[in-house]
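Single-structure report; data block below.
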Amino acid sequence: MKCIVNGTILLPDGPVCGKALAFENGRVVGLIDAAPAGAERIDAAGGIVSPGLVDVHCHGFMGMDASNGRIDELREMSRRMAKWGVTAWLPTTMTLMWPTLERCFGAIRAAQAQCLSADWAGAQVLGCHAEGPFINARKKGAQDGAAIQTPDFEKLRPWTDVVRLMTVAPEVEGALPFIREATANGVFISMGHTAATAGEALAGVEAGVSHATHTFNAMTPLTHREPGVVGVALSDSRVYCELIADTFHVDPMLYPLMVRQKGDRLVLITDSIQEAHQPDGPYERDGQTIIVNGIRLRFPNGTIAGSALTMDLAVRNFRAHTGLPLHEVVNMASLYPARSVGADGEKGSLEPGKDADILITDADFNIRATFVRGERAF
Ligand SMILES: [Zn+2]
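With this note's numbering applied, the sequence shown corresponds to residues 1461 to 1838, in that order.
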């Protein structure tokens, strides 16, 4: 048994002081008064003991990307993101031609199996978030318009074990039957890159949409007579709302509004891409230029091209702009994202029986140590 002592332990309902967190065989045992004799003692040195973070929308960083379809890159990204507190993630593919996507799904399927073995050091792969290709060209944002396709569940059927979440525009032809079939086969559907009216978005939710992709970005805005996709995402309690809390994808003035509106349906994500954490300058990819300027990544026409956010920074940003207690913000980066893709049985909180995905941080949520399934990953 291992015990983390001398820390404030974040549970979903609030922080607990004066207890130790015990874990064994990769799983959380629970809170105990003191480390028993023979247990390995890990000193949190007065810091925070947090559940590991879950990123359900991350393409890549440092020149690696889920859209490259390479298992070695998935392994390396999983290893590196542990230092940002991520213990589970959904490698996220861009809108690509279907044969290319299938190669990516194949690599992610292999990673999903390999990450349970002892030689996988880092975040666990919970499956794929496919951002497209069944989206609306009018709201393609950073996606490749030439690869956009009409929804067809028969294409997805062989991949329902690996595609856990899929971004779809509910208003495009064939989307509603696709959403019904996909959700019946265990795939969670997120509305995004969509030009839907509020009525069309609501029809999507009735068909099974339970998630909104980077809320406010690449979707119809909220106006007082046409509430748009944003209006449905914010007002319908069946929908989890992703947020890129890098302070410029969405103005931080709206963070408290999102908290009041969504509460336990708010999901912090990075949407980071392979140009993230690279030196400033222009980068070429598939004939497109992306200009890196610090944490801002843009196409030459000014369109935002994803982010260079990390999950620990998202927590710090969101807390700074809302004043919420830390455990509530951490829930938005751990428990709620896990729940949004049906993974909260094993992930997302430090409750007995769940995977021992644990962080030790300082009071400002800078990561000092990361454990994945009980093993030190950072
Ligand atoms: Zn994305």
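Note that the Cβ used here is the ideal one computed from N, Cα and C, for glycine as well. For clarity, every value in this text was computed on a predicted model and none was experimentally measured.
Is tyrosine 1700 closer than 8 Å to arginine 1725 when the C-beta atoms are compared?
yes
Quick check on leucine 1703: does DSSP put it in helix, strand or coil?
strand
Residues near ligand 1, CB to any non-hydrogen atom under 5 Å, in chain order?
Glu1591 and Asp1731
So for aspartate 1532, helix, strand or coil by DSSP?
helix
Suppose the cutoff is 6 Å on Cβ atoms and the five residues either side in sequence are ignored; what does the same chain contact list for glycine 1529 look like?
Arg1563, Cys1564 and Ala1567
Under 7 Å Cβ to Cβ from lysine 1615, same chain only, skipping five residues before and after it: list those, please.
Trp1558
In the region 1548-1620, which residue ranges form an unbroken alpha helix (DSSP H) of at least 4 residues, counting only runs that do not cross its ends?
1558-1574 and 1613-1616
Proximity to serine 1767 [Cα-Cα], best of Leu1757, Leu1819 and Ala1793:
Leu1757
List the DSSP bridge partners of cysteine 1463.
Ala1482 and Arg1501
What are the start and end residues of the beta strand (DSSP E) that includes valine 1789?
Counting along the chain, valine 1789 falls outside any beta strand (DSSP E), though it belongs to the alpha helix (DSSP H) covering 1786-1793.
Comparing C-alpha positions only, which one of Arg1828, Gly1813, Ala1798 and Phe1825 sits nearest to arginine 1624?
Ala1798
Arginine 1833, DSSP secondary structure in three states:
coil
Leucine 1662 burial status per 10 Å Cβ neighbour count (16 or more: buried)
buried
By Cβ distance, which residues of its chain are closer than 6 Å to valine 1727, with the 5 residues on each side in sequence left out?
Tyr1700, Glu1702, Tyr1796, Pro1797 and Ser1800
8 Å contact criterion, which isoleucine 1704 and aspartate 1731 should meet: CB distance rounded
5 Å
Would a C-beta distance cut-off of 8 Å place alanine 1793 and valine 1775 closer than the cut-off?
yes
Going straight from the alpha carbon of isoleucine 1536 to that of valine 1622, what length do you get?
The question names isoleucine, yet the displayed sequence has glutamate at residue 1536. Spanning the two alpha carbons is a distance of roughly 19 Å.
Coarse secondary structure for serine 1800, derived from DSSP in three states
helix
Whole-angstrom C-beta distance between glycine 1467 and leucine 1819, which should lie under 8 Å
Actually they are not in contact, since the Cβ atoms of leucine 1819 and glycine 1467 sit about 10 Å apart, beyond 8 Å.
Relative to the C-alpha of valine 1489, which candidate in Gly1813, Asp1824 and Asn1826 has its C-alpha closest?
Gly1813
Residue range of the beta strand (DSSP E) that includes asparagine 1753
1748-1753
Rounded straight-line distance, which links the Cα of isoleucine 1729 to that of arginine 1836:
23 Å
Thinking just about the alpha-carbon of each residue, which of Asp1503, Gly1498, Arg1685 and Ile1733 is nearest to the one in lysine 1479?
Asp1503
Specify, as a first and last residue, the run of the alpha helix (DSSP H) that leucine 1810 falls within.
No alpha helix (DSSP H) contains leucine 1810, which DSSP labels as neither H nor E.
Could you give the first and the last residue of the continuous alpha helix (DSSP H) run that contains threonine 1782?
1771-1782
Which residue wins for smallest C-alpha separation from proline 1716, given the options Ala1644, Pro1496, Leu1576 and Arg1779?
Arg1779
Would you grab the beta carbon distance between leucine 1534 and alanine 1497 for me? Rounded to a whole angstrom, and I think it's under 8 Å.
Their Cβ separation, rounded to whole angstroms, is 41 Å, which puts leucine 1534 and alanine 1497 out of contact at 8 Å.
Cβ neighbour criterion (16 or more within 10 Å) applied to leucine 1636:
buried
Cβ-Cβ separation, glycine 1834 to glycine 1507 (assumed contact under 8 Å), whole Å
Glycine 1507 to glycine 1834, Cβ: 19 Å. No contact.
Residues of its chain near isoleucine 1733, where Cβ-Cβ distance is below 7 Å and the 5 sequence neighbours each way are ignored
His1519, Gly1520, Asp1525, Leu1757, Ala1765 and Gly1766
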